[in-house]
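FYI, the UniProt record's numbering numbers position 141 of the sequence shown as 141, with every residue one higher than the one before it.
Backbone N, C-alpha and C define an ideal beta-carbon position, used for all residues, glycine too.
Single-structure report; data block below.
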Amino acid sequence: MNKANGHVKSNTLTPTQTRAVVNGFISQGRVSGGKYLVTGTPQGVANLGFENTSDNQSPTRPRHLSYTDDLFESPLSKPRTRHNRGHLVASNGTLKFSKLTLARKHHPSSSSHGHGHGHATHSHRHHDAANNLVSYFDIELNHSHDYQYRPGEELAGNVVMDVSRNLEIRFLELMIIGLGNATITKSGKLSTQRESYIYKKTCVIGSNESKYTSVLTPGKYVSNFRFRLPKDIPTTTDYSEYRSGLRLDITYFLKARLCGDPSSTSIYSGMSGGNAKFKSLLSKRRPFNVLRPFDINMLPDGNNSISHTEEVVLSCGNNSTATIQMGLDRSVFMAGDNIRLQLSATIPSKRKILEITCSLQQHVTMKSSGHRATYSLIELHNKNPESTAVVTTEKHMSTSSYDVILSTNTAMLSSFLFGCHMVKVTYSVKTVLKFSSSGGKLSIAIPIAIGPCAEPIYSEKSAIKKAVPVFNRSLRFPCFTPTRNSSSYSLEQGSQSSRNIHVVSKYTSSSIGRCFTCCFTGIDGI
């Protein structure tokens, strides 16, 4: 039996022959007509190079070779241990590994290329027929496709391949990749930023730096892998706002590639395999999801209410000052929640509020370029405020109260993009009031934060087989409603927060065209 760089070069293997091990994996798929599976995970070998371990560390854990029922009629008759250069193989079913440094052998033939030691023989295999030679090729994870991995959790599974006929390959490569892409559009200008969160790869069979090929005989190949996800990676995100042009895509996936020679006829003579562009015979991509846990109760002042009072002079003279009070029951909302805004306007009786517009504004900043864009996600117009207001009159002043409900959806982009360094996302509730009799227009923007939608507890995260949803939300629609006396939140309650937010207001007088901008320091928001 010939070996080259640790790979078995023969097409058949008898039960009494010793199997060569490459990177912790058996390089032959069929032994005397039977199939085998490789189980166990010795540290530094079968982790596929994803851990910070070395191949020659000592001691190493045993790796067990278990066979299917159709492998042999009887077990190996003479258990023995054989020492080769750089590795130890025990034929009693338990394998211990150290660094493989097998000598490369050159077998000259009439079709060989090159004259020096270490060159491989000419290959006449047409790699385009790989689909016909491999009946099954896939990446199987230990969890279901909808499983939500946590940062720092272990990702484990198998690379499975059924070979129906002899197949000559260079290597089988496994990659774990996490990528992010952000795009925003403003005034027709496109700004894009990308970043990488994970990029790990290793060769399951063979090597991309070797000049030699491996022959896979018919059989089933199962190679297990384990990889611990980094703790600082962001949540899987697929967000698109086509009306505004904002897109944020954060994806994670595994990719297995079965590669052949750089050319369809021969291996480049005298060229290192690492410098050649190998031909991809088969490839498989398996996405997986990452979800960072989020708890609103862990945010300082996240559940505290917000209140703001604004006074503006509508005209010269006495009794011409309007007082606007606004309140939110908290400063951080979850995607899918109702944002309830309480609005109270006290104005001179001779004036009216002609129109009220409330909107939820999304502010996106591209961190690298500083490019900024603001999008209006939800917008409500009330052109007849008196019909939906609770009005009280006292001493030439009338007070109108409103409840405004802005209904968010569960797919909204979170303000808390931990681990993502491409964009910064903030939100604000903006209210615009238009007064009669040339009273002008007042706009007030209160900053808020929106967290990710509360996810159900999946069966694989608990001992219960059935999924247990956190809660179910009914359908909601944005609306203006009169303020009721039974309201659970009062504007006079104020805020419990010890930190500060900046409420930005702007008043434009239609008579003289003056614009005043001020920032009021009150309570905290995110």
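Cα separation between residue i and residue j?
i: residue 572; j: C259; result: One cannot answer for residue 572 here, as it falls past the ends of the chain, which runs 1 to 526.
i: H145; j: F288; result: 7 angstroms
i: E173; j: S280; result: 10 angstroms
i: K441; j: Y507; result: 6 angstroms
i: T236; j: L167; result: 37 angstroms
i: Q325; j: E310; result: 6 angstroms
i: R165; j: T217; result: 6 angstroms
i: T346; j: N181; result: 48 angstroms
i: K141; j: V222; result: Sequence check: residue 141 is Leu here, not Lys. Near 12 angstroms, if we compare the C-alpha coordinates of V222 and L141.
i: M412; j: I169; result: 46 angstroms
i: H502; j: L248; result: 27 angstroms
i: G219; j: R285; result: 22 angstroms
i: M422; j: S135; result: 42 angstroms
i: V391; j: D238; result: 45 angstroms
i: K231; j: M334; result: 23 angstroms
i: E153; j: L229; result: 6 angstroms
i: Q493; j: Y149; result: Unreliable placement is indicated for Q493, whose pLDDT of 44 sits below 50; no coordinate value is reported for it.
i: P262; j: G206; result: 14 angstroms
i: S368; j: E195; result: 11 angstroms
i: Y197; j: C420; result: 9 angstroms
i: S315; j: T357; result: 22 angstroms
i: residue 528; j: N303; result: Outside the displayed span of the chain (1 to 526) sits residue 528, for which this structure offers no information.
i: residue 527; j: E355; result: Summary: the structure shown does not reach residue 527, with the chain confined to residues 1 through 526, and so no result is reported for it.
i: T202; j: Y147; result: 24 angstroms
i: H143; j: N158; result: 11 angstroms
i: Q361; j: E394; result: 35 angstroms
i: V204; j: C453; result: 39 angstroms
i: L179; j: S305; result: 37 angstroms
i: P385; j: V290; result: 46 angstroms
i: I383; j: I353; result: It is worth fixing the name first, because residue 383 is Lys in this sequence and not Ile. The straight-line gap from Cα to Cα measures roughly 9 angstroms.
i: G336; j: D295; result: 15 angstroms
i: A389; j: S414; result: 33 angstroms
i: D329; j: K189; result: 38 angstroms
Look at the Cβ atom of residue i, then the Cβ atom of residue j, and state whether they are nearer than 7 angstroms.
i: I233; j: Y199; result: no
i: L155; j: F253; result: no
i: S187; j: M366; result: no
i: F171; j: N208; result: yes
i: H396; j: N319; result: yes
i: G451; j: F418; result: no
i: Y427; j: S244; result: no
i: P151; j: R351; result: no
i: L246; j: V364; result: yes
i: G327; j: S359; result: no
i: S401; j: S331; result: no
i: K255; j: M175; result: yes
Rounded C-beta distance between residue i and residue j? I'm assuming under 8 angstroms.
i: V163; j: L133; result: 6 angstroms
i: S349; j: S398; result: 5 angstroms
i: S283; j: R257; result: 5 angstroms
i: A373; j: I184; result: 5 angstroms
i: T323; j: V313; result: Their Cβ separation, rounded to whole angstroms, is 11 angstroms, which puts T323 and V313 out of contact at 8 angstroms.
Should residue i go down as buried or exposed, given a rule of 16 or more other Cβ atoms within 10 Å for buried?
i: P300; result: exposed
i: S509; result: buried
i: D138; result: exposed
i: V429; result: buried
i: N297; result: exposed
i: T410; result: exposed
i: Y242; result: exposed
i: K434; result: buried
i: T213; result: buried
i: K211; result: buried
i: S387; result: exposed
i: S505; result: buried
i: S438; result: exposed
Any C-beta of chain C sitting closer than 7 angstroms to the C-beta of residue i?
i: K434; result: Note that chain C does not occur in the displayed structure, where there is just one protein chain.
*Decide if the segment 379-393 is in contact with the segment 443-450; the criterion is three or more beta carbon pairs, one per stretch, under 8 angstroms apart.*
As far as the Cβ criterion goes, the segment 379-393 does not touch the segment 443-450, which means the pair count is below three.
*Could you tell me whether the segment 339-357 touches the segment 398-405, where touching means 3 or more Cβ pairs closer than 8 angstroms?*
In short, these stretches touch, since the Cβ pair count reaches three.
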